[in-house]
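Chains as they are written, first to last, in my numbering: chain Y, 257 to 637; chain L, 575 to 808; chain F, 179 to 540; chain B, 1107 to 1404; chain C, 24 to 321.
Glycine included, every Cβ here is placed at the ideal spot set by N, Cα and C.
The structure appears below as C-alpha cells.
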Amino acid sequence: TAPAPSSTGGGEAASAPAETIKIGGAFNLTGELSSLDVPAANGAKLALAEINAAGGVDGKQVELIIRDGKTDPATVANITTQLIDSDKVVAMIGFTDSDSALAAGPLCQEAGIPFITAGATSPKLPSQVGDMMFLTPFGDNVQAAVGAEFAYDRFGPKAYLLWDKGTEYTTLLADYFKTRFTELGGEIVLEDTYQSGDKDFSAQIAKAKSLGEQPDFYYISAVPDDIGTTVKQFREAGITGPIVGGDGYDTPLLVEVAGDAANNVFFTTHALMDADNGSEAVKSFIEAYRTEYGHDPENAFAALGYDTMKLIVDAIQRAGSTDGAAIAKAIEETQGFPGVAGELNYSASEHVPRKGVTMIEVKDGKFTLAAEMVPEKVPAP
Amino acid sequence: MLRLENVEVFYGNIRALKGVSFSVREGELVTLIGSNGAGKSTTLNTIVGLLHPRQGAILYEDEPIHRLSPFQMIQRGISLCPEGRRIFGNLTVDDNLRMGAIQRRDPEGVRQDREWVYALFPVLAERLHQLGGTLSGGEQQMLAIGRSLMSRPRLLLMDEPSLGLAPVLVQTIFQTLQQLKAQGTTILLVEQNAHQALEIADRGYILETGRIILGDAAATLRTNKLVVQSYLGG
Amino acid sequence: MDDSLSRPVSVAQPTTWQRYAGVATPLLLLLLVTLYIQGASSAYIQRVWIILGLDIILVASLNLFNGFTGVFSLGHVGFMAIGAYVSAILTLPLEKKAINLPDLPAWLAHIQLGFFPAILIGGLAATLVALAIGRPVLRLSGHYVAVATLAFLVIVRVILINATPYTRGSRTFSGTPAYTTVWWVYGWALVTIYVAWRVLRSPYGRAMLAQREDRAAARSVGVRVLRSRMWAFGISAFLTGVAGALWGHYILSFSPNAFYFAETFSIITMLVVGGMGSISGSVIGAILVVLLSEVLRNLEGGFSLGVVQIPPLYGMSQILMAILFIGILIFRREGLLGGREIDLTKLFVVDYWRSVFRRKEV
Amino acid sequence: MSSCFAYVRPTQWLRLDDARSFADSDSRQTDQSERTDAARLDNGQILLQVRNLSKSFRGLLALQGYDLTLRAGEILGIIGPNGAGKTTLFHLLTGFLTPTTGTIHFRGEDVTSAPPPVIAEMGLTRTFQNIRLFDSLSVLDNVMVAQQLHTSYAFWETIIGWPTFLRKERSVRQEALDLLALMGLADQARRRADELPYGGQRRLEIARALATRPAVLLLDEPAAGMNPHESDQLHQLILDLRREFALTIVLVEHDMRLVMNLCERLQVLNYGEIIAEGLPEDIRRHPRVVESYLGAAH
Amino acid sequence: MSFFEYGVQQLINALSIGSLYALMAIGLAMVFGILRLINFAHGDLMMVASYTALFLLIDGFPFLGAAIVAVVVAAIAGLAMERVAYRPIRGAPDVAMLLTSFAVTIVLENVAVLTVGARSRAFPAPPFLSTVFTLGNLTVSSVNVVAIVTTAILLVLLTFFVRRTDTGISMRAAAEDLVAAQLMGININRVIAYAFAIGSGLAGVAGLLWAAKVGKVDPFMGFSPVLKAFIAAVIGGFGTIPGAVVGGYVLGFLEIFLQGILPGQSSAYRDAFVFGILILVLLIRPNGILGVQEREEI
Ligand SMILES: Nc1ncnc2c1ncn2[C@@H]1O[C@H](COP(=O)(O)OP(=O)(O)OP(=O)(O)O)[C@@H](O)[C@H]1O
Ligand SMILES: Nc1ncnc2c1ncn2[C@@H]1O[C@H](COP(=O)(O)OP(=O)(O)OP(=O)(O)O)[C@@H](O)[C@H]1O
Ligand SMILES: [Mg+2]
Ligand SMILES: [Mg+2]
C-alpha cells in the first residue's frame, strides 16, 4: 500500500518518505484531453504503488508528482517548468498528445531531464525535441503500415478512408496508411473527413453507400471517444464490410457502444488487453486497475501510462543514478522490457520503441488476437 | 383608499424620495405635479411594486402593499399606465390590449372593453393588426392608456398620459379620465400639463426633489402663487 | 457674462504632465515588479509573469474593440492564430523549414526574418484579414456580430487545418525560435496600453463610444458607424496578431487547437471580470484571472491543513474560479472597474493633497 | 471680456462676443422685434427643397406627396395628429430612411439617398423625439463627438499625440466648452450625460446638434414632458439660438402655445399629407385643422 | 443507390440532425427572448438528462420511465440554474450574463468530471431507438425517425402553448418588455421559471435522443450542440421560437448538404462553407431569417 501523501508545494504527491526519487507526471487531467490523460495518469499511479510496495529503488521510495496541464498550452508549459524547477524531478512522464509533448519536451531537453510521453504517437517527436525525448507507444507510421499490409492481404485492394482532420493522431494515421496502402498497390476509392466534435456521421455514410460497388474494407482513423459511435452508425446504415483502424479503437467503448455491430472490426494496437484472453501481465494489470478504480481501463493509454512509469523507474535503477543523461542512456539501452502494452526496445537512434504490433479482431463482442506483426516496410516519419 | 406614509426610495445610494406622504380617497381624482426629476414616476413605480421603499409604508385599503410584487397589484385592482409607454413592440395592437386583460376571466367583458377602447381611440381600430412597435409616438400613448384600462382597475395610476399627444387627443384623454372618475374609478394622475390636470382634479400635491411641498384642493392650488409661477407658466 | 465663458476653464484641469504622471505611475509599478521578478524569482514565476503580459496584450486589445465599440467579437483568437502562424513561418530557420514545412512555396521557403519584422507582419496580416471581413460583418448589430465573428473563428480554424503546406495542418507546428522575452512582452504590453489610451482620448475613440451608446444619435451628428468600428477592429486585430506572434515564440509548439474556444473564453473572462471598456480593467482582469488560477491550480493537487489532509481534486480550481466570477458579477455587474479607469492623476495635483491634508486637520 | 472665439461656417463668420448663457434668460414673452428680424430673412436663399416625398411601410403610406421649400432664417412648424408622419419626415430628411418616391435637395445638392453622417456634415441635423444621448459619456464628450465633425485628423498624429493633433483637440474642446457655457451646462461638463436632469438633457441634445454647425436644425417635440414654465424658457432659447447661429429651424411640436407663438409658418400633416399650410393665425382657424388636430378648445 | 435515393437519404439525415439543433435552439431562444441571456449552460442539461437516464437504466428502470425522470431532472436543473446563478444578475449587461453562463458551464462540467469521471460511458438505447428500417437502398435508424417525430410533436404543442395559453402569451409579453409585463399582472418569476423548465426539458429530450444516436455520454457532450444551437437560433432570428426552429433546420441542412457534395479531402472545408454561408445569410437578413427590424434602431 502506498504511504500517505504529504504536501509538496501543490503537486500531488503519492508518496514521500524522507529521501525519495521524484518523477514528474504532467497530464491534462481536465479539459478536452482528460479522457486520454486521466487513464494514463491512473496507470502510472498504479505502477507507482506497485513499485513502492516492492521497496522502491535501492531502498528509496519513488514519488510521482502529478500536475494538471488543463489542456491549455500555457499551463502545460507552466507545470513543466514547475516540475523541473520547483519540484526538482529527475525525469518526467506524461501527456498523450503531441501538442503538449512538444510544449513540454524542449523544456525538459534544456534542463537535461528525460521525458517519456505516455501516449503521443507521432514518430517525429524525438527528432523535433532532442535526445531526452522518448515514446512508450510505437509510432503511428508503424501501426498504420501494419494496418495497411494486413488489410491489403486479408480484404483486398479497394479501401474507403475516413478520418478526423482536426487532430494530429488521426491525421498522421490516415496519412501513413494512405502512403503504405497505395505503395502496396491498393486504391482509396473514396476519401472523406469529419470535424473533431462531430457525432453524426450520416452524411459521410450516405456518401459511402452511394458508391456503386462497396470497397473491400473501411479504414476509419478516429480518436477513442468517437470510434464506438462511428462503427455503430456505419453498421446501422447497413454497411457490413470490415472496418479497420488504429489503437484509438482499443477501448471498451467500442463494444459497449456498438454492441454486435462491432464484429468484423479490426485494429492495430499494443497488446491484447483482455481480461480473459490476454497475457498474464495484461490480466493482472486489468485486475489491479479494476480494484483500484472500480472499472476496466478506459483505453490503451491506461496500460501505456503504467508501462511508462515502470520503464522510467527501471531505467533509473539500471542507471544507478538520478542524473538525466545517465537515465536517458539507460532508456536507450532498454532491450526486451516486458510492458503490459508490448515489449519495449530502444537504442540511441531509436527513441520510438521497436515494438511488435498486435492486430485485434472483434468477434462476438470480444477482442481476439488476429495477428502479431512487424511491418515489412514503414513509411518515413 | 391609498396612503403613503413617509416613503423613502433609493436608486443605489441616491435618495429619490425623501419621505413622501399623501393619500388618495376612494372615488377621487388626485393629481401629482412636479418638475422633471422631482420623483413623480418614482412614486408611481413604488406604488405598483416595481420599486420597493427602504423606509415607510404604502397602505391600500388599509393593507400594507409595499412588499408585494407588481403582479399582485393588478389582482388588487391597481393599474399603472407607465411613463414611456412600454408597448409590446412585436405584438399587434389588438394583442397589446388583450395583454392588459390577461388576468381577467370574463371573455365577454374583455371583448366589450376592447370595443370601448377602440371607440375612445378610433385610430387604434384602424391599426388593429399593426405591430405595436411601428406605431407613432402618440398612437403608442393611446394604446398604453387603453391597455391600462383593460384590467378594469379600481385605482388607476397615470404617468403623464398626455405626453406627445395631439391637442385634440389631450382633450379626449382628460374627458375620459373624468368619465372614468364618474364611473367610480379612483385616479392618481401625474401630469406636466398642470393647467388641465388641476382643472379636472379634486385635489393636488406638489412634489419637489423627492418631497411633497404642498397639498390642497385643486381649485386652491390653481391660484397659489408658487404653483402659478413655477408650474402654470406666466 | 465674463464668468460664463471662464467657467469651463475653472473646471480644475490637471496639467498635461500631471495627467501623464497619473497614467505612467501604475505602468512604472508594473515595470518595477517585472524587474524584481526577473531578478529574484524562480523560472516558474517568471513564466507566469510572461503569460500574464501576453494576456494583458490580448485582453487590452480585445477591449479596444469589444469595450470601445460595444459590439462583441468572439473571433479575436482567429487574429491571434494568424499572428502566431505568420510570424512563426517567417522566422523558422531555413533548415527547419526544409524539414517541417517541405511543401512551402519557394518564396517563403527561402526567407527567414528577424523577430521584430516578423511580429509586425504577423500583426499586419491580422489587420488585413480584419479589414476584409470587417466591411461586411461590422454592419450587423449586437449579437449578430458575435455570431458572425464566431463563424470567422471557425473558418480560420478550418483553413489552418487544411493549409497543410503552411501550417502542417492539425499537426503540431514546432521549431519556432524562442525569441520572446519578458522585455518584448512588456514592451508590447505598454505599446498596447498606450495605443488604447490614445485611441480612447482621440476623436476616433469618441466616435467609437458614441456609436456604442446610440447608433442613430451618433449618425445624426456625423459619426460614420462602420468606419469607426473598422478602425477599432483593425487596430485591435493588429495588436492581437502581435500578441499571437509573441505567444507563438514563447510557447514554441502549437496547433490550431490552441486558438479556439478555450482561449476565446479565457480572454473574454478576463475582459468581462475586469470591466468592459476600461483599459485598466483589462489589466486588472488579466492579473486577477492569471494569478488566481495559478494559485488555485497549485492548491488543487492536494495540501495539508495541519492535521487535515485535502486530497487532490483536479477541476476544483476551475469550479472555484467560476463561482468566484459569478460572485463578482452579482456584486459588480459591470465587472470590477465597471468601465471606469484607475486614474492616479489626482495624486499629482497639489490641491488634492491639500484637501486630504485639510480634511485630516478638521 | 474673455477670449473671443469664432465658428467657421461656410457662409459667414459669426462673432459671439456678446454670448451669454441662454438658460439663465427668464424673458418669457416673444420679443416682437426679433420676429420681424427673422421675417426679413425669409427672402433668403432656399436651403431645403423637397418635392413629392412619399414613404410607405409595407403598404402603409406614412407620408405622401410632401413638398417643402425652406428658406434661410425661417422657423417652420410642422403639426398634425399622432401618426401623421412628422417623425417619418424627419427620418427622411436626415437620411435615416430612404423615401419611396420624391427628392430632397439641400443647398442645391441632391441628398435624397445620402446617409445621415453625410447630411449632418452638410449642415442638416436633428434631435430625437425621445432623448437620445450618449449616456455613459461625459456631457463634454457628448458635444465633442459632434464638434469634431469639421476637423480632420490623421491617425498617426492622434496616436503619438503630435502637437498638431493636440492643437486641434484643444480648439475642439474649447469650442465644445463654449457651446456648453452658452447652454448653461458649463459646470456640468464632466458629469455623465444621463445624470443630468431632464431639462438639462434636452438642452444637451440641442447643444450636441449645434456642435455640428448646422444651417438647418430639426427639432422633434423638444417641449414634450416640459411644464408651461419650462416650455417658455425653451421658446426663448430657440429664438436666441437662431439669432446667434443664423439657424433655420423646423419644429415638430404638440405644445400649441409654443408652436403658435414661435413659428412664422406652419404646415399641417394628416395621414401623411399636407392639409394646410400658412401663418399660425390662419392655421388656428382652419376648419380641417381644428377638426382633426386642435379640437374645440383652441 | 440512385441519385434520387441519395438525395432522399441525405434529406432524412438533415431533418434528423436539424431536429436536434431545433430542440436545443428553442430553449436558448426562449430564455434569451425574456432575459437577453445566452445560456451556454443549456448544453449541459443534455448531459444532466442523459446521465440521469443512464444511471436509471443501469439500475434496471424501463426506458420510458427513465426518460421521463431524466427530462424532469433536466427541467429541475434548469430551474435551479436560474434561481442560483441567473436571478441575482437579472438585468445585468449582456456580457455579464454571458460570462455567468460560461461559469455555470464550467461548474457543471467539472463537477461531472469529479463525480462521474471524464471517461465516456456507453448509453444503452432501447430497441425502439436502435432498430433500422430499410426501404430499398434507404436505411433509416429509428432514432432519427423518433427525433423528427418528437420534435414535430413538441413543436406543435409548444406553438399551441405559446399562442393559446395564458402562460404562453405571458411569456411572449415578458420577452418583449419585462417591466410592462409585470404591470399587466404577470408574475415574471413564474414566467421565467416556465421558460427555463420548458427549455431545459426540451434540452433533456434532445440529450436523450443525442445519446441514443451517438451511443455514449460524457461530461462535455453538450458543448458542441449548444454552440450549434446558438448559431441556429441567431440565424433564425434570435429570441423567437419559430426562428430557432428554422435556424436549426437550416444549419442541419447546410451541414449535411455540404458534407454530401464536397468531394474527398475538400469535405474538411465543410465548416468553413457552412459558416461562410451563415455570414452571408446575416448580410442579407441582418436580423436573422425570421427576425424583424426593430423600429428604435433606425
Ligand atoms: N433608474 C434610475 N437610476 C438612478 N436614478 C434614477 C433612476 N430613475 C430615476 N432616477 C432619478 O430619480 C429622480 C426622480 O426621477 P423620476 O423619474 O421619478 O422623476 P419624474 O418626476 O417622474 O420626472 P419626469 O418629469 O422627467 O418624468 C431623478 O433625479 C432621476 O434622475
Ligand atoms: N417602421 C415602420 N413600419 C410600419 N409603420 C410605421 C413605421 N414607422 C412609422 N410607421 C407608421 O407611420 C405613421 C407615421 O409615423 P410617425 O412616427 O412619422 O408619426 P408622427 O407624426 O411623428 O406622430 P407623433 O406625433 O405621434 O410622434 C404611423 O402611423 C406609424 O405607425
Ligand atoms: Mg416621470
Ligand atoms: Mg413623432
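Distance, residue j Cα to residue i Cα
| i | j | result |
| --- | --- | --- |
| Phe416(F) | Phe1234(B) | 37 Å |
| Ser804(L) | Gly789(L) | 15 Å |
| Arg1391(B) | Ser251(F) | 58 Å |
| Gly453(F) | Ile1237(B) | 27 Å |
| Gly623(L) | Gly674(L) | 17 Å |
| Val684(L) | Ala100(C) | 38 Å |
| Leu600(Y) | Ala407(Y) | 25 Å |
| Ala97(C) | Gly227(C) | 5 Å |
| Leu1166(B) | Ala296(F) | 59 Å |
| Ile461(Y) | Phe490(Y) | 6 Å |
| Leu795(L) | Pro1221(B) | 50 Å |
| Ile652(L) | Gly493(F) | 52 Å |
| Pro735(L) | Glu689(L) | 20 Å |
| Asn587(L) | Ile780(L) | 24 Å |
Identified DSSP bridge partners for residue i
| i | result |
| --- | --- |
| Phe695(L) | BP columns for Phe695(L) are empty, so no partner. |
| Val1322(B) | Leu1230(B), Thr1354(B) |
| Arg1298(B) | Ser1244(B) |
| Ser477(Y) | Trp419(Y) |
| Ala791(L) | Arg777(L) |
| Pro638(L) | Leu633(L) |
7 Å Cβ shell around residue i - same chain, five flanking residues per side excluded
| i | result |
| --- | --- |
| Thr359(F) | none |
| Ser471(F) | Ser495, Met499 |
Chain L contact residues for residue i, given Cβ-Cβ distances below 8 Å
| i | result |
| --- | --- |
| Ala1330(B) | Leu737, Gly738 |
Same chain, Cβ closer than 8 Å to residue i, five either side skipped, listed in chain order
| i | result |
| --- | --- |
| Leu1147(B) | Per-residue confidence for Leu1147(B) stands at a pLDDT of 43, beneath the threshold of 50, marking its modelled position as unreliable; the derived number appears in the next sentence. Taken in chain order, the residues that qualify are Arg1177, Ala1178, Gly1179, Glu1180. |
| Gly1331(B) | Tyr1304 |
Contact list for residue i against chain B, beta-carbon separation under 8 Å
| i | result |
| --- | --- |
| Ser384(F) | A small fix is needed here, since residue 384(F) is Arg in this sequence, not Ser. Those within 8 Å of Arg384(F) in chain B are Leu1243, Asp1247, Met1250, Val1251, Gln1254. |
| Val373(F) | Ile1265 |
Contacts of residue i in chain Y (Cβ-Cβ under 8 Å)
| i | result |
| --- | --- |
| Ile40(C) | Asp456, Ser458 |
Proximal residues of chain F, C-beta to C-beta of residue i below 7 Å
| i | result |
| --- | --- |
| Asn133(C) | Gly493, Gln496, Ile497 |
Contact set for residue i: own chain, Cβ-Cβ below 6 Å, skip 5 residues either direction
| i | result |
| --- | --- |
| Leu702(L) | Val667, Asp668 |
| Cys364(Y) | Met348, Phe371, Met388 |
| Arg610(Y) | Asn601 |
Chain-ordered neighbours of residue i on chain C, where CB pairs are closer than 9 Å
| i | result |
| --- | --- |
| Phe695(L) | Within 9 Å Cβ-Cβ: nothing; Phe695(L) doesn't reach chain C, min ~18 Å. |
Beta carbon proximity, residue i to chain D, threshold 8 Å
| i | result |
| --- | --- |
| Val226(F) | Absent from the structure: chain D. Protein chains present are Y, L, F, B and C. |
Closer than 9 Å at the beta carbon, the chain F residues around residue i
| i | result |
| --- | --- |
| Tyr1259(B) | Ser380, Pro381, Tyr382 |
Chain-ordered chain L contacts of residue i [CB-CB under 7 Å]
| i | result |
| --- | --- |
| Tyr1172(B) | In chain order: nothing, as chain L lies at least about 16 Å away. |
Exercise. Among all residues, which have a Cβ less than 5 Å from at least one non-hydrogen atom of ligand 1, and in what chain order do they fall?
Worked result: Residues flagged by the Cβ proximity filter: Tyr585(L), Ala590(L), Asn610(L), Gly611(L), Ala612(L), Gly613(L), Lys614(L), Ser615(L), Thr616(L), Tyr1304(B).
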